[in-house]
Amino acid sequence: MRALGVVHRCRGDHESAIRHLDTALRITQRVGDLEEVVATLSALAEAHAAAGNPGEALRLYQEALAVDIGSGQRDLRAHALGGIGDIHAALGEHGLARDFWQQALVIHRELGMPQADGVSARANGHSRPSPPAEQSPRNLTQPGGTPADPDHLATAGHRLPE
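Below is the structure:
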């Protein structure tokens with residue numbers, strides 16, 4: 004169900020994406036698969052960001068970060084932190100964006116993730132994330148600059164104790 008929501012988001016059908024992702028979230032919460040809950044919360048945050056709802060996107064990313072899934076899923080945390088940075092940048096809050104990108108960058112580098120270069124460039128002011136959906140009708144990348152992948156797990160949020 005989450006993959007279907009991501010596909011709709013990539014195609015610019017944000018209403019359908021949000022609807023499918025809401026359903027996926029309810030199912031994963033009921034099942035109790037915390038990694039999938041976090042991934043779905045992040046995908047839902049991305050859909051809301053693409054639909055021009057940055058406040059809801061931030062809330063969802065923060066909720067994703069609040070889910071304790073253990074230290075084995077730091078990639079999900081990095082993705083969420085990068086997503087929050089992207090939203091703050093789109094809102095013109097570049098100092099906050101840089102703070103979140105720096106947090107994401109530390110994790111990306113520690114894990115050897117390929118997104119490190121893109122996050123580093125944004126954190127150092129060399130590039131900006133894609134404009135919000137209302138300015139760009141097709142948002143085909145995830146926070147962090149990687150191509151949207153329906154099977155990719157993602158998360159986000161504010162800095163929490165390690």
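Take 4 as the starting number for the sequence shown in our numbering and just add one per residue.
All C-beta atoms in this analysis are idealised placements derived from N, C-alpha and C, irrespective of residue type, glycine included.
Go through its chain and collect everything with a Cβ distance to Asp78's Cβ below 8 Å, but skip five positions before and after it. Translated into positions along the sequence shown, residue 78 becomes position 75. So the list reads Ile110, Leu114, Met116, Leu156, once near-sequence residues are dropped.
Considering Val40, what are the terminal residues of the alpha helix (DSSP H) in which it resides? Locating residue 40 in the sequence shown gives position 37, where the first residue counts as 1. 37 to 53 is the extent of the alpha helix (DSSP H) around Val40.
Closest to Gln118 by C-alpha separation, out of Leu84, Ala42, Ala27, would be which residue? Mapped onto the sequence shown, residue 118 falls at position 115. In this structure, Leu84 is the residue among Leu84, Ala42, Ala27 with its C-alpha nearest to the C-alpha of Gln118.
Relative to the C-alpha of Arg5, which candidate in Arg14, Ile21, Leu94, Asp16 has its C-alpha closest? For this step, residue 5 is matched to residue 2 along the sequence shown. Of the candidates Arg14, Ile21, Leu94, Asp16, the residue whose Cα lies closest to the Cα of Arg5 is Ile21.
Can you list, in chain order, the residues of its chain whose CB lies under 7 Å from that of Ala46, leaving out five sequence neighbours each side? By one-based count along the sequence shown, residue 46 stands at place 43. Arg5, Gly8, Val9, Leu24, Ala157, listed in sequence order.
What is the rounded straight-line gap between the Cα of Ile87 and the Cα of Tyr64? In the sequence shown, residue 87 corresponds to position 84, counting from 1. In the sequence shown, residue 64 corresponds to position 61, counting from 1. Each residue's alpha carbon lies about 7 Å from the other.
Helix, strand or coil for His17, going by three-state DSSP, please let me know. Translated into the one-based positions of the sequence shown, residue 17 becomes position 14. Helix at His17.
Once DSSP output is grouped into helix, strand and coil, what is the label at Val10? Taking the first residue of the sequence shown as position 1, residue 10 is located at position 7. Val10 falls in the helix class under three-state DSSP.
Residues near Gln32 in its chain [Cβ-Cβ closer than 8 Å; skip 5 each side]: Indexing the sequence shown from 1 puts residue 32 at position 29. The beta carbon of Gln32 is closer than 8 Å to those of Val40 in its chain, skipping five residues each way along the sequence.
Grouping DSSP H, G and I as helix and E and B as strand, with all else coil, what is Glu96? As a working note, residue 96 is residue 93 in the sequence shown. Look at Glu96 here: in three-state DSSP terms it is coil, with no helix or strand label.
Would you kindly report the start and end of the unbroken alpha helix (DSSP H) that includes Pro57? If you number the sequence shown from 1, residue 57 lands on position 54. In the DSSP annotation of this structure, the continuous segment of the alpha helix (DSSP H) that includes Pro57 starts and ends at 57 to 69.
Identify, in the order they occur along the chain, each residue of the same chain with its Cβ nearer than 6 Å to the Cβ of Ala107, setting aside the five sequence neighbours on each side. The residue labelled residue 107 in the question sits at position 104 within the sequence shown. Spatial neighbours of Ala107 in its own chain (CB-CB distance under 6 Å, excluding positions within 5 residues in sequence) are listed in chain order as Ala81, Leu84, Gly85, Val122.
Tell me where the alpha helix (DSSP H) around Gly121 begins and ends. On the sequence shown, position 118 is the one that residue 121 refers to. Going by DSSP, Gly121 is part of the alpha helix (DSSP H) stretching over 119 to 126.
Gly15 versus Asp71 - alpha carbon distance: In the sequence shown, residue 15 corresponds to position 12, counting from 1. In the sequence shown, residue 71 corresponds to position 68, counting from 1. Taking the straight line from one Cα to the other gives about 31 Å.
Alpha carbon to alpha carbon, what distance is there between Asn127 and Glu96? Residue mapping note: residue 96 aligns to position 93 of the sequence shown, counting from 1. Residue mapping note: residue 127 aligns to position 124 of the sequence shown, counting from 1. About 14 Å.
Distance between Leu37 and Gln76 (C-alpha atoms, nearest Å): Here residue 76 refers to the residue found at position 73 when the sequence shown is read from its first residue. Here residue 37 refers to the residue found at position 34 when the sequence shown is read from its first residue. If you take the alpha carbons of Gln76 and Leu37, they lie about 10 Å apart.
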